[in-house]
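Residue numbers (my numbering), protein chains in the order written: chain A, 529 to 1136; chain B, 152 to 521. We put the beta carbon where it would ideally sit given N, CA and C, even for glycine. Presented below is the structure to which this report refers.
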């Protein structure tokens, strides 16, 4: 070719420059190649591990919780299959899109989803987003899984409370273990996302009934879709609980309370079995167990009637006249008083510069201890209290188990208050005023009790002094062996009173029902002994101290405590109905109906 | 001075190395896509084999026509290429926000891939025509020749091809008149243009491209997010180890942790399956290819042939280093295919045509002695 313009001299230069280019490229390739050697040979096993982490995912198989039965073997809580929606953070590309997509598809609020995502720390553990998907919802999500990577639907067993809200407080509900719960020893070592009891026996006996989770390792692809199962370790179901509760009676108690706020506790005086523990208003543990939204939770938590409060163990009420049982017991054992001691009641008792009134305007006339109990004469007890002193009353009240938790197998139990001079000095940093004793003598002032404490105390009155720890769980059936392991009753203490004194007390309490203030509890079938009470909620009385427990409502709470039959008692009961006035009117019929039902149902011969 | 029997032997060595790499590419495409949804009529590796057949035709054509005739039409060809680059901005098919392809029936044609080779031809022609002296002739004018194509490609935006374009320009300037001052001018010129190009470039980028560049620096910051591709690709390569994992164990590609396994990230697929041993073989093939190309360039009978071969050498070498570098996390992820291995019609056919041009250069050298 003749038209080559580059001269031979320059051509040599061109060739030399070409060598530089070639050298540059070969150096570049060598560097890259060295780096490859580093990645593959030196760091090979490290990246091998990373690729295994990518592909292998360990999933926890939720164990089936133990079943819960009542004392007759009626099922209270079981497990049903449920479609649960999980999400793995690692697989999510766009959180906003996922949250928006879920809101669009199944109406899960997007800020709720984002909050859940933010809480998860470890990116490869699945987070539960929603339980109990409907078939339609599950199908919708499956249909969109390519747009929403990281979601998976898993069929799992889910807690179901077959009677809905029945005994909700007692059973409790379940939920994912929270960070705070994981700090408690009983819940230590649980994997995130485990379901545990949040309240009630579900919580107390969680270790027994929770079972052991299984594990499944699967191979997943980049979208988080399972490709194949690598290994499976089956879950172990939890042990079953047999409660002391009697479902028909529990149901009846809850129905009798109706829409009122209040509580009913019935126990077996012979062993402390809790036959009924009803608290109103109540809630459905199914709703709380199935991952409710923040809004629903707010609504429940902010309800001014506090449906989540178990009034049977958390409601601290002034015992009113039911406390006269403890005051009378103190008097029976006191050197300063005898059952025959008589007091004339003129309807009022002047003390200091104040006049304490009796509930009966004209007064009851001359009374001994038994008559004073039967008629619930306040003046008699004013005089009595003033004579024996608050500390003697406190000793008796403590012997009946008041002022301290009963030790029932539930968390959050309140102790109530039994005031004494020492208590006031310690807690209130003040001296005791004699006038305060007058209020305490009729169960007002600083005294507060829980319905469970009163029922347990009535059990001790009924059985002649043995104070049992209330027992909710009678037996545990071990899943592995099938064996039923009984939980023995526990005696908390003894009320150290002479047999004769119990007889006097029991006789007087029977009189309350036959011809006293508790006439509405009188039964044709069975002899019932009981005591009415009216817990004042506002200082209508002179000298009424503005104590720690002044409720907002103005009407009084109605109390009735009882046991039956008088001979060989089978049941002791405490009923409180908030803001309904006098105990004899509203609470006594509830107690009577329950006692009759219980004794009839259990084929006991009515005492003639 | 050279035995006329040697060339036949020599050509076959060249062709065998190229075919070897192409074959490894087809195998890797199979590895990356064999369990994909088989909704399409023809599997990916089958399509690639068809492209290779088309590429062989292009190879033979490029070898047959005297490259001087091609050089004489260089400016016209470049003009036509620019027209295509303009048209693709209007009529092109859009994929992930970039206007890069023409849809021709079932086939997608990517003009920017062709443009790289055309740029080599036009710059070779420019420097070979007359002795270029002074920085205006050596730097500015070739820069102005490169600029329209570069800007059109940035407009798509196609960052990888734009980088190849810039590198080809620098390499040609380097060869066309290398001395310190000229190279300094070339870099200065590029640097001066940089803010304008960057402005145009950055604003035309799509979010995913910007994020890729920003998170290149630390892919571990957001392993499930923007650094995902880099990290997964690194894992794929590293986990291949010395001996590789084989088809079934190569979970990074089989389970789709590795994105774009058959195109830009084909090297990671290969490295996971075949390990460092396989990588060494592949690199040996590429190194031999580069030696052979450099040899052809060195022994070209004239400036045009040398610059053409040298330009192709620069183009292929750059793509190789940047592509492998990006799969290892050494360079940010830009769309640059691995020559002869990545799936893609335009890139395969263009690269094979470039190889044909190289043999063309070699053949004309020998004809002098016949």
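- Closer than 8 angstroms to the CB of residue 449 of chain B there is at least one CB belonging to chain A.
- Closer than 8 angstroms to the CB of residue 177 of chain B there is not a single CB belonging to chain A.
- The alpha helix (DSSP H) runs lying completely inside the stretch 763-821 of chain A and spanning 4 residues or more are 775-785, 813-817, given in chain order.
- Residues of the same chain with a CB within less than 7 angstroms of the CB of residue 809 of chain A, apart from the 5 flanking positions on each side, are 789, 833, 835 in chain order.
- Runs of the beta strand (DSSP E) lying entirely within the stretch 437-480 of chain B, each at least 3 residues long, are absent.
- Using a CB distance below 7 angstroms, the part of the stretch 577-588 of chain A facing chain B consists of 578, 579, 582, 583, ordered along the chain.
- For residue 402 of chain B, a Cβ of chain A is located within less than 8 angstroms of the residue's own Cβ.
- With respect to residue 723 of chain A, residue 666 of chain A sits apart: the two C-beta atoms are not nearer than 8 angstroms.
- For residue 288 of chain B, there is no enclosing beta strand (DSSP E), as DSSP marks it with neither H nor E.
- CA-to-CA, the gap between residue 1022 of chain A and residue 797 of chain A works out to about 13 angstroms.
- Taking a Cβ-Cβ threshold of 7 angstroms, none of the residues of chain B is close to residue 680 of chain A; the smallest such distance is about 16 angstroms.
- The stretch 667-676 of chain A makes no contact with the stretch 728-748 of chain A: fewer than 3 CB pairs, one atom from each, lie closer than 8 angstroms.
- By the rule that beta-carbons nearer than 8 angstroms mark a contact, residue 574 of chain A touches chain B.
- Residue 558 of chain A and residue 394 of chain B have their C-alpha atoms spaced approximately 20 angstroms apart.
- The contact set of residue 538 of chain A on chain B, defined by CB atoms closer than 7 angstroms, consists of 282 in chain order.
- As summarised for the stretch 579-629 of chain A, the continuous beta strand (DSSP E) elements at least 3 residues long and confined to that stretch are 584-589, 603-616, given in chain order.
- Excluding residues up to 5 positions away in sequence, 612, 614 lie with their Cβ nearer than 7 angstroms to the Cβ of residue 682 of chain A in the same chain.
- Residues 467, 470, 471, 502 of the same chain have their beta carbon placed closer than 7 angstroms to that of residue 490 of chain B, with the five preceding and five following residues left out of the count.
- The alpha-carbon separation between residue 392 of chain B and residue 438 of chain B amounts to approximately 22 angstroms.
- The beta carbons of residue 1090 of chain A and residue 1105 of chain A sit no closer together than 8 angstroms.
- Residues of chain A with a Cβ closer than 9 angstroms to the Cβ of residue 326 of chain B are, in chain order, 542, 545, 546, 548, 549.
- With a cut-off of 8 angstroms on Cβ pairs, the stretch 863-875 of chain A is not in contact with the stretch 712-728 of chain A, counting fewer than three such pairs.
- Rounded to whole angstroms, residue 913 of chain A and residue 1113 of chain A show a C-alpha spacing of 26 angstroms.
- By the criterion of at least three beta-carbon pairs nearer than 8 angstroms, the stretch 1012-1020 of chain A is in contact with the stretch 993-1003 of chain A.
- Chain B has no Cβ within less than 8 angstroms of the Cβ of residue 795 of chain A.
- The beta carbon of residue 320 of chain B is closer than 6 angstroms to those of 297 in its chain, skipping five residues each way along the sequence.
- Residue 624 of chain A and residue 642 of chain A have their C-alpha atoms some 8 angstroms from each other.
- Near chain B, meaning a CB-to-CB distance below 8 angstroms, the residues of the stretch 743-775 of chain A are 747, 748, 749, 750, 751, 755.
- Look at residue 571 of chain A: its C-beta is under 8 angstroms from a C-beta on chain B.
- Residue 407 of chain B reaches chain A at 749, 750, 751, counting residues in chain order whose Cβ is nearer than 9 angstroms.
- The alpha-carbon separation between residue 829 of chain A and residue 1011 of chain A amounts to approximately 40 angstroms.
- Judged by DSSP secondary structure, residue 869 of chain A falls outside any alpha helix (DSSP H); it is assigned neither H nor E.
- Near chain A, meaning a CB-to-CB distance below 8 angstroms, the residues of the stretch 383-399 of chain B are 383, 385, 386, 387, 388, 389, 390, 391, 392, 393.
- Annotation for residue 273 of chain B: 225, 226, 228, 229, 296 place their beta carbon closer than 8 angstroms to its own, counting only its chain and skipping 5 residues before and after.
- In the DSSP secondary-structure assignment, residue 895 of chain A is bridged to A:871.
- By the neighbour-count criterion, in which 16 or more other beta carbons inside 10 Å mark a residue as buried, residue 399 of chain B falls on the exposed side.
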